[in-house]
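Data block below; observations after.
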Amino acid sequence: ASLRRFVDAGLRACALEASSIGIDEHRLDGTRVHTAVFTNFTQDHLDYHGSMQAYWQAKTRLFQWPGLAAAVINIDDAKGQALTQLPAVQTLDLWTISCHAPARLQAQSISVGETGLEFDVVEGTQREHLRTRLIGQYNVNNLLGVIAAMRSLGVPLAQAVGACAELVPVPGRMQRLLEAGQPLVAIDYAHTPDALDKALEALRPVARQRQGRLWCVFGCGGDRDPGKRPLMGTAARSADHVLVTSDNPRSEDPQAIIGQILPALAGHASLHQQADRALAIASAIMSAADADVILVAGKGHEDYQEVAGQKRPFSDLAQARAALARRRSAAQGVAA
204 ASLRRFVDAG
214 LRACALEASS
224 IGIDEHRLDG
234 TRVHTAVFTN
244 FTQDHLDYHG
254 SMQAYWQAKT
264 RLFQWPGLAA
274 AVINIDDAKG
284 QALTQLPAVQ
294 TLDLWTISCH
304 APARLQAQSI
314 SVGETGLEFD
324 VVEGTQREHL
334 RTRLIGQYNV
344 NNLLGVIAAM
354 RSLGVPLAQA
364 VGACAELVPV
374 PGRMQRLLEA
384 GQPLVAIDYA
394 HTPDALDKAL
404 EALRPVARQR
414 QGRLWCVFGC
424 GGDRDPGKRP
434 LMGTAARSAD
444 HVLVTSDNPR
454 SEDPQAIIGQ
464 ILPALAGHAS
474 LHQQADRALA
484 IASAIMSAAD
494 ADVILVAGKG
504 HEDYQEVAGQ
514 KRPFSDLAQA
524 RAALARRRSA
534 AQGVAA
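When we follow our numbering, the leftmost residue of the sequence shown carries the number 204, and every step to the right adds one.
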């Protein structure tokens, strides 16, 4: 129905996320796909697929789609390199992308700051400079994927890069609250070990530039793959301060979920736990120094928290803004 509305509105192309579950459940059957894009492959959805092999097989079906014309593949990911070797892929208009290795489309001279990142996009002898409000190494790969997809549709490189320069951060995806004299707070949907690791990696140079410390507030969802929980703890170890809290506990005991995360953080120099997510966010913001950076991870854009079978109104963004306002008021009271 949505695609029909796009056609009726005169649009000729759209981008959609082809989830492994959607592919496996045949939700995309009958949809004509011109270009398939591969960004990365990490542990997720094992509560559905049962194994990494089954998950991978579902992913690769997109690159063997009837009528597929082009493929964009991130070869900085080991599975991406393997994907390029599939016989079906080698018959396509193949766009390899990389920040490190020779590829059809490359990112060079990458620079990251608290307000965004910039880099050169190189295709053969062509070079275009891109400055964007997005941050994080993973977004360099994502932007390369977008540009390569547009190139596969015949969009000139300069035009594709120019379009990406106009992009604004998606709500709940590395959404930053930046105020003078306050810690920088980033709200992100990162809820897998790889995503959490990449979010912290993205914010580490920002904390370094601010000469502050890096905080991580996160939890794990209930009624989902429990094997992911210690891996999330391992990913969070790179933060200077870690505060483990609830996510969407669903039918599980939040404290029990936290208990499955904590062993992976044993020995961390600054480890805290608070099952109440609102209190956890407030605690981090009130405890942080002005120069610090706080990642609130796991729920991103969600406006609810699922607890004991109920979806209760809850927003990480709203909680962070309220805590920053209290911190600001407290500072003004001291100054007075």
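All C-beta atoms, glycine included, are put in the ideal place defined by N, C-alpha and C. Note that the structure is a prediction, hence the values are computed from the model and not measured.
Exposure of Y507 is indicated by the presence of fewer than 16 other C-beta atoms within 10 angstroms of its C-beta. The C-beta of L206 has fewer than 16 other C-beta atoms within 10 Å across all chains shown, which makes the residue exposed. In this structure, DSSP gives Q378 an extended state, which the three-state scheme calls strand.
Around the beta-carbon of E228, fewer than 16 other beta-carbon atoms lie within 10 Å, marking it exposed. The C-beta of Q477 has 16 or more other C-beta atoms within 10 Å across all chains shown, which makes the residue buried. If you check the CB distance, A361 and E321 do not come in under 8 Å. Distance from the CA of R235 to the CA of K282, rounded to the nearest whole angstrom, comes to 25 Å. If you ignore the 5 residues before and after A363, its C-beta comes within less than 7 Å of the C-beta of I350, M353, R354, all in its own chain and listed in chain order. The residue among D450, G430, M255 with its C-alpha nearest the C-alpha of C423 is D450. Counting along the chain, C367 sits inside the alpha helix (DSSP H) bounded by residues 360–368. Close CB contacts of V292 within its chain, under the 7 Å cut and outside five residues either way in sequence, are with F266, A274, L286 (chain order). Taking 8 Å as the cut-off, the Cβ atoms of V409 and I338 count as close. In the structure shown, S355 falls within a helical segment according to DSSP collapsed to helix, strand and coil. The C-beta separation of V447 from L465 comes to about 6 Å, placing the pair in contact by the 8 Å criterion. Contact check between the stretch 240–259 and the stretch 388–407: three or more CB pairs, one atom from each, fall below 8 Å, which counts as touching.
Within 10 angstroms of the beta-carbon of R411 lie fewer than 16 other beta-carbons, which makes it exposed.
Rounded to the nearest whole angstrom, the C-alpha separation of A304 and F241 is 16 Å. Here W298 carries a strand assignment [DSSP, helix/strand/coil]. With at least 16 other beta carbons inside 10 angstroms of its own, E455 counts as buried.
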